[in-house]
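Sequential numbering from 622 applies to the sequence shown in the numbering used here.
Input: a single structure, listed below in structure tokens.
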Amino acid sequence: MLSKEQKAFYEENGYLLVEDVISSAQLAKLQEITYDFIERSKSVTRSNDVYDLDEGHNSESPRLTRIKLPHKQDPYYWEILKHSGVTQVLNDLLGEATTIITSKLNTKAPSGGSAVEWHQDWAFYPHTNDDLLAFGLMLEDVTPDNGPLMVIPKSHKGPILSHKNDDMFCGAINADDPLFKPEKAVTLSGKAGSMTVHHVRTLHGSAPNLSDRNRLILFYEVAKADAWPILGASSYIHSLGQHKFWDDIQERTITGEPCLSPRLETVPVEMPLPPAKDNTSIFKTQKLGGMKSAFDKE
């Protein structure tokens with residue numbers, strides 16, 4: 622699906638925008654399922670295994686930060702990952718054998734939906750090599766005013782910046798870090814059905830949603846099958862034991878087969894420890910971490 626030029630651009634810059642990656646019928650079904658989840662959230666009063674609630678959430682005006690693990694909440698989210706243009710892009714960039722790490726549907730409520738502070742995904746879950754990426758499938762039009770993804774081009778080739786505050790992992794970089802160059806940021810907006818891609822080491826974030834519309838982006842974080850997680854990161858898999866882990870890795874296989882020979886590369890690794898006070902979501906990790914926000918107005 623991707624051209625040689627698109628692949629080269631991703632390799633050089635660490636991000637990509639792919640338009641019309643799913644059909645109009647697929648998009649319509651995803652929208653229907655997603656808005657049904659939002660409607661059902663009206664009866665929820667606190668965050669749970671399905672929803673992360675934003676401040677001000679109530680039955681009349683549901684405000685969510687995200688729907689957790691959507692590929693486990695409804696099979697169609699998994700179907701899109703395995704059998705659509707998304708799958709083709711995945712195989713173009715990572716090869717035939719791929720594994721899902723996690724998924725989330727960031728709904729970012731209108732009129733101030735929470736920002737995601739600048740960070741690198743690699744800081745959360747280092748692996749034996751860095752052939753990992755994240756997709757952001759736009760379920761509604763994403764515009765400059767509703768908190769689009771922003772990336773720093775070529776930052777995937779640079780250092781992993783500190784994601785600690787007061788010697789504790791906080792899931793965000795310091796806005797005053799001299800290696801942070803916000804003036805280089807690129808904003809990735811687009812039409813519904815388009816998809817962003819960013820490398821696991823690419824520095825990225827998103828501002829609050831200042832529009833009157835939800836910003837619905839379905840994120841999949843995936844790895845080449847020979848990239849294995851390093852013990853010590855925040856992940857449920859470390860408590861499974863061998864038998865359950867084997868079952869789990871087969872369930873998480875998107876395309877191809879599980880790889881039992883991890884590829885070890887010289888990659889920069891610093892474990893996300895000591896752990897955040899609350900690591901149940903990036904929003905809580907960043908909010909409680911106390912790091913200076915890059916999105917606060919001076």
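Glycine included, each C-beta is placed from N, C-alpha and C at the ideal position.
Keep in mind that this is a model prediction, so the values were computed, not measured.
Measure how close the beta-carbons of residue i and residue j come, nearest whole angstrom, since I'm counting them as under 8 Å.
| i | j | result |
| --- | --- | --- |
| TRP743 | VAL821 | 5 Å |
| LYS734 | ARG836 | Checking the sequence shown, residue 734 turns out to be Gly, not Lys. So it is a contact: roughly 7 Å between Cβ atoms. |
| VAL642 | ILE721 | VAL642 to ILE721, Cβ: 17 Å. No contact. |
| ASP695 | THR686 | In fact, because the Cβ distance is near 19 Å, the residues do not count as touching under 8 Å. |
| SER776 | ASP798 | Actually they do not touch by this definition, with Cβ atoms about 12 Å apart. |
| TYR895 | ASP788 | One point to set straight first is that residue 895 is Pro, not Tyr, in the sequence displayed. Contact holds; Cβ gap of about 7 Å. |
From the beta carbon of residue i, is the nearest beta carbon of chain B less than 7 Å away?
| i | result |
| --- | --- |
| MET622 | Structure shown: chain B not included; a single protein chain is present. |
Of the residues the options, which one's Cα is nearest the Cα of residue i?
| i | options | result |
| --- | --- | --- |
| PRO683 | VAL642, ALA793, SER732, LYS908 | SER732 |
| ASN786 | GLY910, ARG884, GLU640 | GLY910 |
| GLU891 | HIS864, LEU852, ASP868 | LEU852 |
| VAL639 | LYS650, ALA649, GLU626, LEU651 | GLU626 |
| ASN727 | SER705, SER860, VAL665, PHE658 | PHE658 |
| ILE781 | GLN863, HIS740, LYS812 | HIS740 |
| SER705 | LYS865, LEU651, ASP762, LYS802 | LEU651 |
| MET912 | ALA796, LEU861, GLN863 | ALA796 |
| LYS812 | GLN907, ASP762, PRO803, MET771 | ASP762 |
| GLN709 | GLY877, ASP899, PHE630, ARG667 | GLY877 |
Quick one, are the C-beta atoms of residue i and residue j less than 7 Å apart?
| i | j | result |
| --- | --- | --- |
| TYR698 | PRO691 | yes |
| LEU702 | ILE870 | no |
| SER827 | THR764 | no |
| LYS663 | SER680 | yes |
| GLU872 | ALA793 | no |
| PHE840 | LYS725 | yes |
| ALA848 | ASN712 | no |
| ALA649 | ALA846 | no |
| LYS729 | GLY677 | no |
| HIS915 | PRO829 | Residue 915 is actually Ala in this sequence, not His. Not closer than 7 Å, so no. |
Would you call the stretch 812 to 828 and the stretch 752 to 763 touching, i.e. three or more CB-CB distances under 8 Å?
-> yes
Where in the stretch 689 to 756 do unbroken runs of the beta strand (DSSP E), each at least 3 residues long, occur, reported from the N-terminal end onward?
-> 719 to 727, 737 to 740
Determine, using beta-carbon pairs with one atom in the stretch 880 to 894 and one in the stretch 826 to 841, whether at least three such pairs fall under 8 Å.
-> no
Counting only runs that start and end within the stretch 627 to 700, where is the beta strand (DSSP E) found for 3 or more residues in a row?
-> 636 to 639, 672 to 674, 685 to 689
Residue ranges of each alpha helix (DSSP H) run of no fewer than 4 residues wholly in the stretch 836 to 898, ordered along the chain?
-> 862 to 872
Where in the stretch 785 to 828 do unbroken runs of the beta strand (DSSP E), each at least 3 residues long, occur, reported from the N-terminal end onward?
-> List check, beta strand (DSSP E) in window: 807 to 809, 816 to 820, 825 to 827.
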